[in-house]
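Enquirer: Right, I'll just put the structure down here and ask away after.
There are 2 protein chains.
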Amino acid sequence: MQATKTQPARGMRDFLPADVRRREYVIGVIKEVYEHYGFEPLETPAVEDIETLMGKYGEEGNQLIFKILKRGVHAGTGEADLALRYDLTVPLARVVAEYRDQLPKFFKRYQIQPVWRADRPARGRFREFYQCDVDVLGSRSTVVEAEICAAASEVLTKLGFNDFTIRLNHRQVLGGVLQSAGVPSDKHNAALVALDKLDKIGRDGVAKELSDRGIDEESRNRLLDFFVELNSLDHAAELALGEDVDKKRDSLNAAVLGRLVEFVRDNEPGAKGIDDLRSIMKFAAASGIAQRIQIDPSLARGLSYYTGAIMEIGVKDLSGSLGGGGRYDNLVGMFLGQDVPACGFSLGLERIIVVMTEREMFSAKLLSSPADVMVTVWNEGAVSESVLLATELRAAGLRVDLYPEADKLAKQFKYAASRGIPFVALLGEDERSRGDVSIKDMRSGEQLSVKREAVATTLRESL
Amino acid sequence: MQATKTQPARGMRDFLPADVRRREYVIGVIKEVYEHYGFEPLETPAVEDIETLMGKYGEEGNQLIFKILKRGVHAGTGEADLALRYDLTVPLARVVAEYRDQLPKFFKRYQIQPVWRADRPARGRFREFYQCDVDVLGSRSTVVEAEICAAASEVLTKLGFNDFTIRLNHRQVLGGVLQSAGVPSDKHNAALVALDKLDKIGRDGVAKELSDRGIDEESRNRLLDFFVELNSLDHAAELALGEDVDKKRDSLNAAVLGRLVEFVRDNEPGAKGIDDLRSIMKFAAASGIAQRIQIDPSLARGLSYYTGAIMEIGVKDLSGSLGGGGRYDNLVGMFLGQDVPACGFSLGLERIIVVMTEREMFSAKLLSSPADVMVTVWNEGAVSESVLLATELRAAGLRVDLYPEADKLAKQFKYAASRGIPFVALLGEDERSRGDVSIKDMRSGEQLSVKREAVATTLRESL
Chain A
-4 MQATKTQPAR GMRDFLPADV RRREYVIGVI KEVYEHYGFE PLETPAVEDI
46 ETLMGKYGEE GNQLIFKILK RGVHAGTGEA DLALRYDLTV PLARVVAEYR
96 DQLPKFFKRY QIQPVWRADR PARGRFREFY QCDVDVLGSR STVVEAEICA
146 AASEVLTKLG FNDFTIRLNH RQVLGGVLQS AGVPSDKHNA ALVALDKLDK
196 IGRDGVAKEL SDRGIDEESR NRLLDFFVEL NSLDHAAELA LGEDVDKKRD
246 SLNAAVLGRL VEFVRDNEPG AKGIDDLRSI MKFAAASGIA QRIQIDPSLA
296 RGLSYYTGAI MEIGVKDLSG SLGGGGRYDN LVGMFLGQDV PACGFSLGLE
346 RIIVVMTERE MFSAKLLSSP ADVMVTVWNE GAVSESVLLA TELRAAGLRV
396 DLYPEADKLA KQFKYAASRG IPFVALLGED ERSRGDVSIK DMRSGEQLSV
446 KREAVATTLR ESL
Chain B
-4 MQATKTQPAR GMRDFLPADV RRREYVIGVI KEVYEHYGFE PLETPAVEDI
46 ETLMGKYGEE GNQLIFKILK RGVHAGTGEA DLALRYDLTV PLARVVAEYR
96 DQLPKFFKRY QIQPVWRADR PARGRFREFY QCDVDVLGSR STVVEAEICA
146 AASEVLTKLG FNDFTIRLNH RQVLGGVLQS AGVPSDKHNA ALVALDKLDK
196 IGRDGVAKEL SDRGIDEESR NRLLDFFVEL NSLDHAAELA LGEDVDKKRD
246 SLNAAVLGRL VEFVRDNEPG AKGIDDLRSI MKFAAASGIA QRIQIDPSLA
296 RGLSYYTGAI MEIGVKDLSG SLGGGGRYDN LVGMFLGQDV PACGFSLGLE
346 RIIVVMTERE MFSAKLLSSP ADVMVTVWNE GAVSESVLLA TELRAAGLRV
396 DLYPEADKLA KQFKYAASRG IPFVALLGED ERSRGDVSIK DMRSGEQLSV
446 KREAVATTLR ESL
């Protein structure tokens, strides 16, 4: 047979057992937490009709959608009628329209499935990757934002993160700030794109960009004065408090909200947005996560479809986020033909796994051992005895690998060692005549003889 | 916005929460059992290079592969460079070649992922469906066959099936029987296709088909005499023993093996196959599943790539199987360029779920309740109190839904009832002044007042 390339397709990944275990562990924690918050699982097909997806992600998105050729006699035309799922939000919108009569008034769903994008592959960017979305549909209450932040926060805590911060802002507050600074509505998005770079290119750099985008000097100065002042407030607090800054979050957030109120003044949507932020903070306090939240008036998050609160979770010394989301009241109803209030959060599963791996946050046990014990085979005539022992140990709840054939014992032990299996069970003639089993602890090298009926208990106690 | 079709694409399915829970329950049991047998999880990408898949499934398979259009400037040509995974075996073969140095000598993997086939959709046949494969690579020992049968058997038992039978046969025994009957090698496959219909079209029908395929009368009669005799042996046993037939499996299997030995006589591969069957039965006895296995010399299973034992799991009064597999020593090495001994089993996940649903084998609890308790909201001013209570109950391990906004209490109770949530927690002014919480059991309608610190315990005891 001709030599074929055996790597996975470009930008795609194989997950060998240790990879799968890591991923399943993280997904398991996420599911468990979301279930405890009353979220329910949803799954949609990988393949959607092409019309369902086209035009939903802008011109760039259209290019990045993997399109599937029509089958049969049409194949020759090059026509595509299906496409691979590009995100989990458009399928959710389709589900909301299709099953409107079966879904509860408040539809709280989580969905953890792969999506496909024909992006140019790069370090950490793949063409198949998991999205991990949680959304609450049907309520405009800020309880929803608080619950979503609390759930995401609990996920990260359960995974072992203790240094994360949820940055929180509000689309209408941003709008109010821009309006009060004198930026005309049609230049809001351009201004936000520039402001988003404040950390990277500094005040002068942003001022130049704002000017290039046609925003006048007075507005530029009002805007930059405001954001630079808030930034320095935050930096000063971090310098003064160090690790303890989170404990003072309450008063820092109160100070930021105070400055926002002053700045936004009588801009009505802006003032309403500030009320939302206050209310989210109140509920977050009841959820015990208030000190995790930093109100950050410069957070923008792309913006295109958010209509209310926006949030992003990050850890110190890591650029980029581990997740983000917000309220987007006009999107999920796209197929239904009516607005559906919605607020969602997407955890960056792939990034979380990368960071956890780099920080060695996965337990060694999770990664290394395919079984609790390996049962050896003494000789050709004793295979049944080994099958019997393996069966007994499995019935006692142990994960048991059975060496599949008669072989030199040294080779069998070496095999168990190479696989990181912590114990090996040996059933030689002596052992059988005494009704014993020899157990070797592969870590210490110790070997002891145990009564057959006590093997499972002994192993369980040593694991 | 124009009205778009909101059903899933043709032949694809959305899984609403209750569907996902059913599927995840079954998959969870399968994973747990396979892990206890020392199998490890593998995942491969949904998308493969088109050359990896084309030509591996015959001409019909080529037609049924979903092909993905090249991106960018090439899109216009209609050329496809990628394709959707068609099964889990070809990706396994690719993985075996690509990671040969990292994989253990005996690679025992399970893989539970969707595959896509552009089949004409029909009742119970979908274009996206899960395959659920377990394979042992690297050993020719019949311990492997026995362990695979034991694992599949334990999965079905754990799922609640108690009436399944594993039919077992052997490719070389089939070959030996045909050879001994005088059917020339080049007509073996044709003969088996005909014999496979014995149950449906009877002796005369099969005789006609064999004759049409150019098999002479003497061979036809020898073959049909043999299979009809074995069939009637089996039928007689079932008639005589009824439900107890499984308890007599040992002697029935011994009788069948005896007849095979007589018939196959000095055909060497056939005799070797019979030895394999004996040895599988011996190990199956040590695994405690011997009475589940019925040696069935007429079992054929498509045949194209099997080289040794073949098996199929079925339940009474259900045509078609719940899973099947066998030994296929020449396939998994296709990309490696050398034979890799392999034996695998594929559980029919979709079919198992259909049968379990029809037989009402899923517990009501699994299906109906998205949360253990719903916390109501007394009024606008008391939202934080409800958030706090929900947080406490979650910390105590309960699955808690929180009604997201202030609303008429009657509506909140109705909502909990419509969702099948068994308990509702109420925190009115009276309750708060007493430090109590009212708990309503939605099944009995009873309501009782519980000290706040005892709520979680009370709920857990009642669930």
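Order-wise, the sequence lines are chains A and B.
Note that this note's numbering has the first sequence beginning at -4, numbered continuously upward.
Note that this note's numbering has the second sequence beginning at -4, numbered continuously upward.
Cβ atoms here follow ideal geometry from the backbone N, Cα and C, with glycine treated the same way.
Would you kindly report the start and end of the unbroken beta strand (DSSP E) that includes I284(B)?
Expert: Careful: I284(B) lies outside any beta strand (DSSP E) and carries neither H nor E.
Enquirer: Within 10 angstroms of its Cβ, does Q167(A) collect 16 or more other Cβ (buried), or is it exposed?
Expert: buried
Enquirer: Unbroken beta strand (DSSP E) runs of length 3 or more, entirely within the region 289 to 365 of chain A: which are they?
Expert: Listed in chain order, the complete beta strand (DSSP E) runs (minimum 3 residues) inside the region 289 to 365 of chain A are 304 to 310, 318 to 322 and 337 to 342.
Enquirer: Could you tell me the distance, in whole angstroms, from the CA atom of A113(B) to the CA atom of M7(A)?
Expert: 22 Å
Enquirer: Enumerate in chain order the residues of its own chain whose CB-to-CB distance from R394(A) is below 6 Å, with the five nearest sequence positions on each side excluded.
Expert: A366 and D367
Enquirer: Quickly, what does DSSP pair H165(B) with across the bridge? List them, please.
Expert: A304(B)
Enquirer: Pairing CB atoms from the region 215 to 231 of chain A with CB atoms from the region 192 to 206 of chain A, are three or more of them under 8 Å?
Expert: yes
Enquirer: Checking 8 Å against the spacing of the C-beta atoms, do A75(A) and L64(A) come in under that value?
Expert: yes
Enquirer: List the whole-angstrom C-beta distance separating L342(B) from L317(B), where the pair is believed to meet the contact cut-off of C-beta under 8 Å.
Expert: Right, the Cβ-Cβ distance comes to about 7 Å (below 8 Å), so this counts as a contact.
Enquirer: Figure out for me which residue from R354(A), P292(A), V28(A) and L236(A) has the closest Cα to the Cα of R389(B).
Expert: V28(A)
Enquirer: Considering only the beta carbon of each residue, do Y105(A) and Y81(A) sit closer than 8 Å?
Expert: Against a cut-off of 8 Å, the Cβ pair of Y81(A) and Y105(A) comes out as no contact.
Enquirer: Does the beta-carbon distance from F156(A) to V310(A) come in below 8 Å?
Expert: yes
Enquirer: Do the CB positions of L383(B) and A281(A) come within less than 8 Å of each other?
Expert: yes
Enquirer: Quick one: is A147(A) buried, meaning 16 or more other Cβ sit within 10 Å of its Cβ, or exposed?
Expert: buried
Enquirer: Suppose only complete runs of 4+ residues qualify. What are the alpha helix (DSSP H) ranges in the region 149 to 222 of chain A, listed by chain order?
Expert: 166 to 176, 183 to 190 and 193 to 207
Enquirer: Curious, which full-length alpha helix (DSSP H) runs of at least 4 residues does the region 375 to 431 of chain A contain?
Expert: 378 to 390, 404 to 413 and 424 to 429
Enquirer: For H143(A), would you say it is in contact with chain B, using Cβ-to-Cβ distances shorter than 8 Å as the test?
Expert: Looking at the sequence itself, residue 143(A) is Ile, so the reference to His does not match. Judged by the 8 Å Cβ criterion, I143(A) is not in contact with chain B.
Enquirer: Once DSSP output is grouped into helix, strand and coil, what is the label at Q97(B)?
Expert: coil
Enquirer: Give a yes or no on whether 8 Å exceeds the smallest Cβ distance from M(-4)(A) to chain B.
Expert: With a pLDDT of only 45 at M(-4)(A), under the threshold of 50, the placement of this residue in the model should not be trusted; the figure read from the coordinates follows. Cβ-Cβ to chain B under 8 Å: yes for M(-4)(A).
Enquirer: What does S282(B) reach in chain A if we use C-beta pairs closer than 7 Å?
Expert: The contact set of S282(B) on chain A, defined by CB atoms closer than 7 Å, consists of V382 and T386 in chain order.
Enquirer: If you run the structure through DSSP and keep just helix, strand and coil, what is Q58(B)?
Expert: helix
Enquirer: Measuring CB to CB, does T84(B) end up less than 8 Å from T(-1)(A)?
Expert: no
Enquirer: Mind listing which residues of the region 153 to 177 of chain A have their C-beta closer than 9 Å to chain B's C-betas, in chain order?
Expert: none
Enquirer: Just grab the DSSP bridge partners of D436(B) for me.
Expert: As computed with DSSP, D436(B) is found in a beta bridge with F418(B).
Enquirer: State yes or no: is the C-beta of F330(A) nearer than 7 Å to some heavy atom of the ligand ATP?
Expert: With respect to the ligand ATP, the structure offers nothing, as it holds no ligand at all.
Enquirer: Can you tell me where the beta strand (DSSP E) holding L11(B) begins and where it ends?
Expert: Premise fails: L11(B) is in no beta strand (DSSP E) and is neither H nor E.
Enquirer: Using DSSP with H/G/I as helix, E/B as strand and the rest coil, what is S444(A)?
Expert: strand
Enquirer: Let's see if you can read the secondary structure: which residues bound the beta strand (DSSP E) around R462(B)?
Expert: Because chain B spans -4 through 458 in this model, residue 462(B) falls outside it and cannot be assessed.
Enquirer: Opposite D128(A) in the DSSP bridges: which residues?
Expert: Q106(A) and S341(A)
Enquirer: Identify which residue in M437(B), V42(B), E54(B) and K242(B) has its Cα closest to the Cα of A411(B).
Expert: M437(B)
Enquirer: What is the DSSP secondary structure of V372(B), reduced to helix, strand or coil?
Expert: coil
Enquirer: Please state if the CB of S274(B) and the CB of T386(B) are separated by a distance shorter than 8 Å.
Expert: No; because the gap between Cβ atoms is not below 8 Å, this pair is not in contact.
Enquirer: Once the 5 residues before and after P264(B) are set aside, which same chain residues still bring their CB inside 8 Å of it?
Expert: Excluding residues within five positions, the ones whose Cβ falls inside 8 Å are Q167, G170 and G171.
Enquirer: Can you tell me whether A231(A) is buried or exposed, with buried defined as 16 or more other CB within 10 angstroms of its CB?
Expert: exposed
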